[in-house]
Every structure is written in C-alpha cells, then in structure tokens.
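Accompanying notes for the structure given below.
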Ligand SMILES: Nc1ncnc2c1ncn2[C@@H]1O[C@H](COP(=O)(O)OP(=O)(O)OP(=O)(O)O)[C@@H](O)[C@H]1O
Ligand SMILES: Nc1ncnc2c1ncn2[C@@H]1O[C@H](COP(=O)(O)OP(=O)(O)OP(=O)(O)O)[C@@H](O)[C@H]1O
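Residue numbers (this note's numbering), protein chains in the order written: chain A, 1 to 214; chain B, 215 to 428.
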C-alpha cells in the first residue's frame, strides 16, 4: 500500500487528499497555514504545519520516503521551487498542478511525473461530454489498459478489419465503431470501416498514443 | 451545431466555456459582475452583463432558445434559484455545478440534467489514477457507449463466459479482465472469470449502472 503526501491543502490538494483517503490510502497533509491545518484536523491520516519550500523541513518530514508526493501549491514560483527541492531530496513520484501551459512545461522540464491543470482538464472533459461528441482522448482504465477513439480517414475506407489486418497494423484491438451518432461493436473480421467513423481501440497507453489516424 | 450559454464565469464556468469554444461551439457568457465581463472580452462568442436569477432578464436573453445552459454559480441558494427559473422558462438541457452532495441532490430534484461537483470529481479521478488501481467508475466514450469495471464475486468464480451466458445475464459485453495487476482480453466463451477479478464491460450507460457485482 502506497504512502502519499500532499503539500498545499487548497481546493486542489484537499480534493486529492480526500479522494485518496476515501480509498483507504494513508495521506500526510502539509500546509504552511495554521488555519488550513486546523480546518482539516481528523480528516487526513496526518497533518503537519510546515513550509515545504525549505530543504531542511523536507528532510525533517522524511518526504523522500513517500511513494507519491502531490504538490497542490498554486503559486507558480513557489510550486516550481518546491518541486525542485523534492527532486533534490529524491522523491520517487511527483504530481503537481499547474496554472497554465508555461507553468506545466517548466514542471515537466524539472522532472515532475504528472502535471494537472485542473480547470483546463475539467473544461475539456465537460465540453466533450456536452458537445455530444465522442471522446477522442485516451482514457485510462487500468495501468495497462486504455481506450482511445480514432478517426478513420481515406486510406482504409470501405475495407474490413480482416483486410486491414487491424491488430497487426496498429498493435491495438478495435472494439467499437461510432458512425452517424451510433456505436456498433466490432467483433468480426468482416466488420467494415468507413471514412469519418470513429474507431474505439484498446491497448496499452504507449501503443495508443502513437496512433494519430486510421 | 448546439448553442451554449454559461451563467457565472468563475473558475468553473469559464473553464467549460473555453473548452466549448475550443471545439468550435458558440458560447454566450453571462455574468452579473462587470469586471468579469471585461476580463473575458473577445474570448467567448458573446458576453452579457446580467443577473440570471431574475426571470425577466432570462426572457430578455432568450435563454430558452439555447440547447444547453451551464450554471457556473457557486453560491448554493443563488444556484438553486437560477436553475428553478431556467426550468420555468423551459430550458432543454441544464448542467450545474454543486458545492456538495446536499446541493447536488436538490439540483437533481428540481430537474437539472447533469450535476458536477468539480473538486470531488477531480479528486476521485486523480486518486484512482495515483492508487494504481483500476478505474471502477463508468467512463463515457460516446452517448451510447460506456465502459465500467466490475468486481467478480463468489457466484461465477471459476466459470467461463459461455457457462455464465455473460451477455444474456448482464446485457453488456465483457471486453477485458484485470487480474493481479494485469489486463487480459476476453474474446472467447472459454475465457474464465475468478473471484477478485475486475471485468471491464461495455454497453449503454443505463445498462452499466445497474450492475453492481458479477
Ligand atoms: N511552501 C508551502 N508549503 C506548504 N504549504 C504551502 C506552501 N505554499 C502554499 N502552500 C499552501 O498551499 C495552499 C494553496 O495555496 P496557493 O495560494 O498556492 O494556491 P491556490 O491557487 O489559492 O489554491 P486552490 O485554488 O487549490 O485553493 C494554501 O493552503 C497554502 O497555505
Ligand atoms: N445571479 C447571477 N447571475 C449572473 N452571474 C452570477 C450570478 N451569481 C453569481 N454569478 C457569477 O458567477 C461567478 C461565480 O461566482 P460564485 O461566487 O457563485 O462562485 P465561486 O465558487 O466563487 O466560483 P468559482 O469557484 O468557479 O470561481 C461570479 O463571476 C459571479 O459574478
């Protein structure tokens, strides 16, 4: 069972800390603001008032022993500084939030493993849901199992899965096709694909992200 | 092409408005705060300074002509009042944010079509991602195609898909099974399921949400 630490218990950090606690994970919450610590007493496994942008403090907290550290600090410079220190003390996996894409690029450059721009991600997902369009994003269902929707272009239009040699050609499994607002399962090599279709394919994230169009 | 209106351009409303605009949708932004309107000039299709918790204003805005209205107002009473007025003028599809589950229940009771608790949804999704566990949520990939991960219990343990008569019994298609940290495709009636497995199934959202355990 992994050990989590969340630095910065604003809206973002607290939401993640709660999500983790709900799933039975042990979570240490760290915030420099006493009020924040008091307001969250009893809700997290452990709470510590500390300023994480200070290497002695990080060492005292034993932050390098955590499996995952989430940086919920919004302020750009302080978030970057904190992440840099976490890299220096050797934290294994860091997730951090970013305010915008410039902030995101800097965080990835200094070695953050996963960046989230909370409002942008939510805005995108909700917009997709509301536009009645299909998810063209990659959706992770498990560590080794993701699904993506990919548009069918000119090249294979009118051919069936057998003729395309789908699995061999793309390295992923075609499971469903979305055409004119309806979804149809793809279970036979006779199933045809046409230009404009969206094919849902499953496989590992790394295999899926390489496929731009069919 | 649908017409969207977003009432309340705080963090949530603005994120959704931007997500929609990015996808080529036309979006009317409505906010009672002049500063908010000025700060977003040029970014949305149209911007109007107006107080939406007022039925004459809603009628003047022609809000009933929009296909989808998103209520981004955070304040609980004002959000409920605004939604109630939108129902009264006959808006076809309403999405609204809620602060917590009580607020969410009230909104569903008064007829909101879709409620989002932004921080809770994000906290849950990120927590699932970080715990390295499988997603047990229902994931919507298209209006008629969703996927859910469902735990296998005692009842069918050791039986294969053919013996279980999976599709007939559950009304959904089994596509993948996750066992001991690995995922395996389910393409044959000979494939067995065991207690503790997570089976990924696909189908319409309404069929999936009724299945609690296998
Ligand atoms: N160096 C630090 N060490 C510990 N906690 C910190 C540090 N810097 C900021 N915080 C805490 O992080 C939390 C988030 O603060 P910040 O102002 O950076 O972001 P925010 O955008 O207001 O957050 P949110 O939108 O998630 O509420 C606050 O509770 C703050 O006390
Ligand atoms: N009746 C109303 N008509 C139009 N706009 C409104 C109304 N009530 C609130 N708003 C606007 O909605 C926006 C969100 O305000 P509110 O204070 O309700 O939520 P919030 O929790 O601060 O929002 P967020 O967290 O998304 O920034 C503000 O820009 C506010 O001016």
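C-beta atoms are modelled at their ideal positions from N, C-alpha and C, and glycine is treated no differently.
Spatially closest choice to residue 209 of chain A from A:157, A:150, A:196, by CA coordinates: One-based indexing of the first chain puts residue 209 of chain A at position 209. Of the listed residues, the one whose Cα sits closest to residue 209 of chain A is A:150.
Residues that residue 387 of chain B contacts on chain A, provided the C-beta gap is smaller than 8 Å: Mapped onto the second chain, residue 387 of chain B falls at position 173. Simply 185.
Every unbroken beta strand (DSSP E) within the stretch 42-77 of chain A, with a cutoff of 3 residues, ordered by chain: 46-49, 68-71
CB contact below 8 Å: residue 422 of chain B versus chain A: As a working note, residue 422 of chain B is residue 208 in the second chain. It does not; no Cβ of chain A falls within 8 Å.
Proximity winner among B:370, B:360, B:265, B:405, relative to residue 247 of chain B (alpha-carbon distances): Taking the second chain and counting its residues from 1, the one referred to as residue 247 of chain B is at position 33. Of B:370, B:360, B:265, B:405, the residue nearest in Cα terms is B:265.
Own chain, CB closer than 6 Å to residue 280 of chain B, minus 5 neighbours either side, in chain order: Here residue 280 of chain B refers to the residue found at position 66 when the second chain is read from its first residue. So the list reads 217, 219, once near-sequence residues are dropped.
Whole-number beta carbon distance between residue 131 of chain A and residue 205 of chain A, since they are thought to touch under 8 Å: Position 205 of the first chain, counting from 1, holds the residue named residue 205 of chain A. Position 131 of the first chain, counting from 1, holds the residue named residue 131 of chain A. That belief does not hold up - the Cβ atoms of residue 205 of chain A and residue 131 of chain A are roughly 24 Å apart, past 8 Å.
Sheet register partners of residue 88 of chain A (DSSP bridge): As a first step, residue 88 of chain A is located in the first chain; it is residue number 88 there, counting from the start. Beta-bridge pairing links residue 88 of chain A to no other residue.
Three-way DSSP call (helix, strand, coil) for residue 166 of chain A in this model: Mapped onto the first chain, residue 166 of chain A falls at position 166. It is helical.
Beta-carbon neighbours of residue 239 of chain B, restricted to chain A and to distances below 7 Å: If you number the second chain from 1, residue 239 of chain B lands on position 25. Those are 131, listed as they occur along chain A.
Distance cut-off 7 Å: residue 292 of chain B Cβ against heavy atoms of ligand 3: In the structure shown, ligand 3 is absent; the only ligands present are ligand 1 and ligand 2.
Within 8 Å, strictly: CB atoms of residue 24 of chain A and residue 72 of chain A: Residue numbering aside, residue 24 of chain A sits at position 24 when the first chain is read from its first letter. Residue numbering aside, residue 72 of chain A sits at position 72 when the first chain is read from its first letter. Not a contact, by the Cβ cut-off of 8 Å.
Contacts that residue 8 of chain A makes with chain B (C-beta to C-beta distance below 7 Å): Translated into positions along the first chain, residue 8 of chain A becomes position 8. The premise fails here: residue 8 of chain A is roughly 14 Å from chain B at the closest Cβ pair, so nothing lies under 7 Å.
Residue environment, residue 41 of chain A, which counts as buried when at least 16 other CB atoms sit within 10 Å: Translated into positions along the first chain, residue 41 of chain A becomes position 41. Burial call: exposed.
Boundaries of the alpha helix (DSSP H) in which residue 189 of chain A is found, first to last residue: Residue 189 of chain A sits at position 189 when you count from the first residue of the first chain. Taken as a continuous stretch (DSSP letters only), residue 189 of chain A belongs to no alpha helix (DSSP H), as it is neither H nor E.
Residue-level contact to chain B via CB, residue 71 of chain A, 8 Å cutoff: Within the first chain, numbered from 1, the residue matching residue 71 of chain A stands at position 71. Judged by the 8 Å Cβ criterion, residue 71 of chain A is not in contact with chain B.
For residue 413 of chain B, three-class secondary structure by DSSP: Position 199 of the second chain holds residue 413 of chain B. Strand.
Range of the contiguous beta strand (DSSP E) that encloses residue 396 of chain B: As a first step, residue 396 of chain B must be located in the second chain, where it is residue number 182. Where residue 396 of chain B is concerned, the enclosing beta strand (DSSP E) stretches over 396-399.
Local Cβ density within 10 Å of residue 188 of chain A, reported as buried at 16 or more and exposed below that: Within the first chain, numbered from 1, the residue matching residue 188 of chain A stands at position 188. With fewer than 16 other Cβ atoms within 10 Å, it is exposed.
Residue 223 of chain B: first and last residue of the uninterrupted alpha helix (DSSP H) it sits in: By 1-based counting over the second chain, the position of residue 223 of chain B is 9. Run containing residue 223 of chain B: none; DSSP gives neither H nor E here.
Backbone CA spacing between residue 87 of chain A and residue 111 of chain A [nearest angstrom]: Locating residue 87 of chain A in the first chain gives position 87, counting from the first residue. Locating residue 111 of chain A in the first chain gives position 111, counting from the first residue. Roughly 7 Å separates the two Cα atoms.
Buried or exposed (CB count within 10 angstroms, at least 16 for buried), residue 372 of chain B: In the second chain, the residue the question calls residue 372 of chain B occupies position 158. Classification for residue 372 of chain B: exposed.
Cut-off 6 Å between Cβ atoms - residues of its own chain near residue 227 of chain B, not counting five sequence neighbours on either side: Working through the second chain from its first residue, we reach residue 227 of chain B at position 13. Closer than 6 Å at Cβ, skipping near neighbours: 220, 286.
Member of B:341, B:332, B:338, B:342 whose CA lies at the smallest distance from the CA of residue 126 of chain A: Within the first chain, the letter at position 126 stands for residue 126 of chain A. The shortest C-alpha separation from residue 126 of chain A is found at B:332.
When B:411, B:317, B:327 are compared against residue 394 of chain B, the one with the closest alpha-carbon: Position 180 of the second chain, counting from 1, holds the residue named residue 394 of chain B. Among B:411, B:317, B:327, the Cα nearest to that of residue 394 of chain B belongs to B:411.
Near-chain A residues of the stretch 316-334 of chain B - C-beta to any C-beta below 9 Å: 328, 330, 332, 333, 334
Pair within 8 Å by beta-carbon distance, residue 27 of chain A and residue 44 of chain A: Translated into positions along the first chain, residue 27 of chain A becomes position 27. Translated into positions along the first chain, residue 44 of chain A becomes position 44. Taking 8 Å as the Cβ cut-off, residue 27 of chain A and residue 44 of chain A qualify as a contacting pair.
Residue 296 of chain B Cβ short of 7 Å to ligand 2 heavy atom set: Translated into the one-based positions of the second chain, residue 296 of chain B becomes position 82. Yes - ligand 2 has a heavy atom lying nearer than 7 Å to the Cβ of residue 296 of chain B.
Extent of the continuous beta strand (DSSP E) to which residue 177 of chain A belongs: The residue you call residue 177 of chain A lines up with position 177 of the first chain. 173-179 is the extent of the beta strand (DSSP E) around residue 177 of chain A.
Start and end residues, beta strand (DSSP E) containing residue 114 of chain A: Within the first chain, the letter at position 114 stands for residue 114 of chain A. 114-116 is the span of the beta strand (DSSP E), which, as asked, contains residue 114 of chain A.
Residue-chain proximity (residue 232 of chain B, chain A), Cβ-Cβ < 8 Å: As a first step, residue 232 of chain B is located in the second chain; it is residue number 18 there, counting from the start. Yes, residue 232 of chain B counts as interfacial toward chain A.
Check: residue 371 of chain B C-beta below 7 Å from any heavy atom of ligand 2: Taking the second chain and counting its residues from 1, the one referred to as residue 371 of chain B is at position 157. The answer is no for residue 371 of chain B.
Proximal chain A residues relative to residue 337 of chain B, where beta-carbon distance stays under 9 Å: Here residue 337 of chain B refers to the residue found at position 123 of the second chain. The answer, in chain order, is 12, 14, 15, 16, 17, 18, 19, 20, 22.
Beta-carbon contacts of residue 164 of chain A that lie in its chain and below 6 Å, excluding the five residues immediately before and after: Position 164 of the first chain, counted from the first residue, corresponds to residue 164 of chain A. So the qualifying residues of the chain are 156.
Cβ shell of residue 354 of chain B (< 7 Å), same chain only, five flanking positions each side left out: Reading the second chain from its first residue, position 140 is the one you call residue 354 of chain B. These residues qualify, in order along the chain: 360, 419.
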